[in-house]
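K.L.:
For the protein sequence lines, the chains are A and B, in the order given.
Take 9 as the starting number for the first sequence in this note's numbering and just add one per residue.
Take 9 as the starting number for the second sequence in this note's numbering and just add one per residue.
Just so you know, even glycine gets a beta-carbon here, dropped at the ideal spot from N, CA and C.
Okay, handing you the structure first.
There are 2 protein chains.
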Amino acid sequence: MRKPYHHGDLRRRMVAEARLALVRNPDPSALSIRELARRIGVSQNAPYRHFPDRDHLLDALAAGGYEAAAAGLAERSVEGITAVADVWDTMARREPGLAALMLRAVPGGEVELASRAWLAEVVRAIEPEVGDEDPERLVRRAIGCWAAVLGMTTLSRGGLLAGLDGWMVPSSADLARRVVVRG
Amino acid sequence: MRKPYHHGDLRRRMVAEARLALVRNPDPSALSIRELARRIGVSQNAPYRHFPDRDHLLDALAAGGYEAAAAGLAERSVEGITAVADVWDTMARREPGLAALMLRAVPGGEVELASRAWLAEVVRAIEPEVGDEDPERLVRRAIGCWAAVLGMTTLSRGGLLAGLDGWMVPSSADLARRVVVRG
DNA sequence: TTATTGAAGTAGACATTGACAACATCCGGC
DNA sequence: GCCGGATGTTGTCAATGTCTACTTCAATAA
Numbered sequence: 009m010r011k012p013y014h015h016g017d018l019r020r021r022m023v024a025e026a027r028l029a030l031v032r033n034p035d036p037s038a039l040s041i042r043e044l045a046r047r048i049g050v051s052q053n054a055p056y057r058h059f060p061d062r063d064h065l066l067d068a069l070a071a072g073g074y075e076a077a078a079a080g081l082a083e084r085s086v087e088g089i090t091a092v093a094d095v096w097d098t099m100a101r102r103e104p105g106l107a108a109l110m111l112r113a114v115p116g117g118e119v120e121l122a123s124r125a126w127l128a129e130v131v132r133a134i135e136p137e138v139g140d141e142d143p144e145r146l147v148r149r150a151i152g153c154w155a156a157v158l159g160m161t162t163l164s165r166g167g168l169l170a171g172l173d174g175w176m177v178p179s180s181a182d183l184a185r186r187v188v189v190r191g
Numbered sequence: 009m010r011k012p013y014h015h016g017d018l019r020r021r022m023v024a025e026a027r028l029a030l031v032r033n034p035d036p037s038a039l040s041i042r043e044l045a046r047r048i049g050v051s052q053n054a055p056y057r058h059f060p061d062r063d064h065l066l067d068a069l070a071a072g073g074y075e076a077a078a079a080g081l082a083e084r085s086v087e088g089i090t091a092v093a094d095v096w097d098t099m100a101r102r103e104p105g106l107a108a109l110m111l112r113a114v115p116g117g118e119v120e121l122a123s124r125a126w127l128a129e130v131v132r133a134i135e136p137e138v139g140d141e142d143p144e145r146l147v148r149r150a151i152g153c154w155a156a157v158l159g160m161t162t163l164s165r166g167g168l169l170a171g172l173d174g175w176m177v178p179s180s181a182d183l184a185r186r187v188v189v190r191g
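What follows is the structure, encoded as structure tokens:
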């Protein structure tokens with residue numbers, strides 16, 4: 009009775025534990041299904057009842073990242089481009105492994121939907137800051153904002169700017185603002 | 009005599025074969041040292057005489073990507089921001105796996121130097137297009153350009169914009185131009 | 001109430017991989 | 001001529017992803 013045969017919430021638990029593991033070691037390729045199962049206290053094959061394979065776990069994980077980001081942006085008191093940059097930067101700093109996973113969407117996976125929700129939230133956030141009512145252009149601006157922020161944080165957090173840290177490097181918010189406003 | 013005991017050029021050959029393998033399968037985590045060795049016709053452990061571990065091979069591979077990109081930009085007849093965007097876009101389209109590897113630099117690795125050379129080339133390319141003589145601001149602009157291009161191509165090639173392809177998505181050159189000029 | 005069925009978990013196995021240790025071969029300087 | 005270091009080879013180990021077959025359990029329908 010101490011340990012019921014069925015876990016009951018394995019899928020969610022796997023994603024949560026994977027996210028934790030990714031905090032301990034940001035390298036996604038080091039994520040091991042077996043180790044997660046071990047840590048949760050379930051057999052090494054139990055996870056396969058919830059994820060066809062490792063890639064689907066990573067997909068769910070990345071989708072969770074987008075949901076968290078969208079929620080973080082929605083619950084934000086401060087609106088605008090700065091908020092978008094802040095949310096993404098914070099995630100990339102605190103969970104670089106998760107941020108790395110979020111750069112790739114497998115077709116038909118959960119990330120596609122979740123990232124779309126994030127994009128919608130970005131649109132909502134930047135809308136008051138740009139005086140643009142045309143939806144298509146607004147979406148285009150939002151994509152540009154996302155790309156600029158993502159690119160800048162990827163460069164910094166990826167270590168590609170080692171040596172020039174701080175000094176000489178533009179902030180992702182500045183970049184995004186230049187991309188979004190006017191034009 | 010058919011097959012000399014020593015290969016003679018294994019290191020370079022490994023990097024080249026790895027790059028090929030990455031073209032066949034863009035997922036860097038699928039790169040196997042053993043398979044490369046097998047394909048080259050050398051024992052499974054020979055590569056370890058040239059790379060302490062798998063990560064060092066990936067590092068050399070990514071560095072090669074930056075060298076190729078820098079060379080491609082240098083040999084370019086057309087100068088300017090468009091050339092930067094073109095070079096990166098082309099690489100990301102033709103070798104997405106390599107492009108993905110280039111987003112992370114291990115401290116002290118070869119990528120740090122190679123990416124610095126690439127950045128210098130970007131500076132040189134955008135210099136005539138922006139009327140700015142202050143070196144620090146020029147570097148900052150170059151970084152912004154790089155980030156914008158990289159962010160946009162990562163989004164498109166990563167499948168994060170599936171569905172909105174073409175339509176609604178800004179080009180990386182447009183983004184970069186908006187980031188670089190003025191300000 | 002009880003039989004059954006399908007979802008969730010377990011046990012065991014297999015091929016592949018990264019990496020280590022010990023041994024073999026070759027080339028250049030003494 | 002030999003010898004030492006660089007390069008390549010064989011053998012081995014633990015860990016991993018994933019397959020197949022078996023078990024447990026809860027809910028449904030008789």
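1) What are the residues in the stretch 98-122 of chain B lying within 8 Å of chain A by C-beta distance?
2) Determine whether the Cβ of A207/B lies closer than 9 Å to any Cβ atom of chain A.
3) Is V189/A near the ligand FAD, with its Cβ less than 8 Å from a heavy atom?
4) Could you check whether the Cβ of T162/A sits closer than 9 Å to any Cβ belonging to chain B?
5) Residues of chain B with CB closer than 8 Å to the CB of A77/A, please, in chain order.
6) Taking its Cβ as the centre, do 16 or more other Cβ atoms sit within 10 Å of W96/A, making it buried, or is it exposed?
7) If we cut at 9 Å on Cβ distances, does P136/A have a partner in chain B?
8) Rounded to whole angstroms, what is the Cα-Cα separation between E87/B and A93/B?
9) V50/B by DSSP, collapsed to three states: which one?
10) If distances are taken between C-alpha atoms only, which option among I41/A, S51/A, P36/A and R42/A comes closest to P12/A?
11) Here's the rule I'm using: 16 or more other beta-carbon atoms within 10 Å means buried, otherwise exposed. How should P23/A be labelled?
12) In three-state DSSP terms, what is V188/A?
13) Is there a Cβ from chain A that is less than 9 Å from the Cβ of S37/B?
14) Rounded C-beta distance between A170/B and A113/A? I'm assuming under 8 Å.
15) Three or more beta-carbon pairs under 8 Å between the stretch 75-83 of chain A and the stretch 126-136 of chain B, yes or no?
16) Exposed or buried, what is A38/B when buried is set at 16 or more other beta-carbons lying within 10 Å of its beta-carbon?
17) In or out: G16/A buried (at least 16 other Cβ within 10 Å) or exposed?
18) Could you tell me whether the Cβ atoms of L69/A and L18/A are closer together than 9 Å?
19) Output, in sequence order along the chain, the residues in the stretch 48-61 of chain B whose CB is closer than 9 Å to any CB in chain A.
20) Decide yes or no for the touch test of the stretch 54-64 of chain B against the stretch 144-162 of chain B: beta carbon pairs closer than 8 Å, at least 3 of them.
21) So, with DSSP's three-state summary, where would you put M110/A?
22) Assign G197/A to buried or exposed, taking buried as 16 or more other Cβ atoms, counted over all protein chains shown, within 10 Å of its Cβ.
23) Given a cut-off of 9 Å on the beta-carbon distance, is the pair P55/B and R148/A in contact?
24) Could you tell me whether any Cβ in chain A is nearer than 9 Å to the Cβ of E144/B?
25) Using a Cβ-Cβ cut-off of 7 Å (strictly less than) and excluding sequence neighbours within five positions of W154/B, which residues of its own chain qualify?
26) Under 7 Å Cβ to Cβ from A133/B, same chain only, skipping five residues before and after it: list those, please.
27) Among L163/A, R20/A, R42/A and G139/A, which residue has its Cα nearest to the Cα of V188/A?
28) Less than 7 Å between C-beta atoms, sequence neighbours within five positions excluded: which residues of the same chain meet that for D67/B?
29) Residue range of the alpha helix (DSSP H) that E102/B falls in?
30) Name the residue from S85/B, P34/B and R20/B whose alpha carbon lies nearest to the alpha carbon of A110/B.
31) Please look up how many angstroms separate the CB atoms of I2/A and R20/A, rounded, as I've assumed it's under 8 Å.
P.N.:
Answer, in terms of the structure:
1) A108, L111, R112, A113, V114, P115, V119 and E120
2) Lying before the first or after the last residue shown, residue 207/B is absent from chain B, which here runs from 9 to 191.
3) Of the ligands one can find in the structure shown there are none, so the ligand FAD has no counterpart to examine.
4) yes
5) Near A77/A there are no residues of chain B at all, since even the closest Cβ is about 13 Å away, more than 8 Å.
6) buried
7) no
8) 11 Å
9) coil
10) S51/A
11) Note on identity: in this sequence residue 23/A is Val, with Pro being the wrong assignment. V23/A comes out buried.
12) helix
13) yes
14) 7 Å
15) no
16) exposed
17) exposed
18) no
19) none
20) no
21) coil
22) Lying outside 9 to 191, the shown extent of chain A, residue 197/A is not represented and no answer is given.
23) no
24) yes
25) L127 and V130
26) L81, E87, G88, A91 and V92
27) G139/A
28) V114, G117, E118 and V119
29) Checking the sequence, you will find Arg at residue 102/B rather than Glu. I89 to R102 is the extent of the alpha helix (DSSP H) around R102/B.
30) First, the amino acid is wrong: residue 110/B is Met here, not Ala. Checked all of S85/B, P34/B and R20/B; the closest Cα to M110/B is P34/B.
31) Nothing can be reported for residue 2/A: it is not among the residues displayed for chain A, which extend from 9 to 191.
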